[in-house]
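Residue numbers (my numbering): 49 to 145.
Structure representation (structure tokens):
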């Protein structure tokens, strides 16, 4: 008998969260996202190997990286506390000659 008279037993899939994970004696299989807990070869992975390697190498950004998005405002200290008048900044034609 191939257990054709038994109702299939479904569980929650760890990948997609759907209730379509079938548990067999040899393996598990999700009918929603094709998840399987047993892979015989690298080619059987649902994502390409280059993407799998990129996900392994990726690291989470630190919280300080959010501060880099804020523009830095540079304010120079004012050396002169007394406002200058235009006549004191410019030389008149009589003084220049």
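For each residue, glycine too, the CB sits at the ideal point set by N, CA and C.
{"Check": "Element boundaries [beta strand (DSSP E), containing residue 76]", "Outcome": "76-78"}
{"Check": "Which residues DSSP lists as bridging residue 71, in chain order", "Outcome": "76"}
{"Check": "7 Å Cβ shell around residue 58 - same chain, five flanking residues per side excluded", "Outcome": "67, 68, 69 and 70"}
{"Check": "Pairwise C-alpha distance: residue 77 and residue 49", "Outcome": "Only weak support exists for where residue 49 lies, its pLDDT of 48 falling under 50; the value from the coordinates is given anyway. Answer to the nearest angstrom: the Cα atoms are 21 Å apart."}
{"Check": "Nearest candidate by alpha-carbon position, reference residue 73, set 86, 105 and 99", "Outcome": "86"}
{"Check": "Nearest candidate by alpha-carbon position, reference residue 64, set 97, 102 and 81", "Outcome": "81"}
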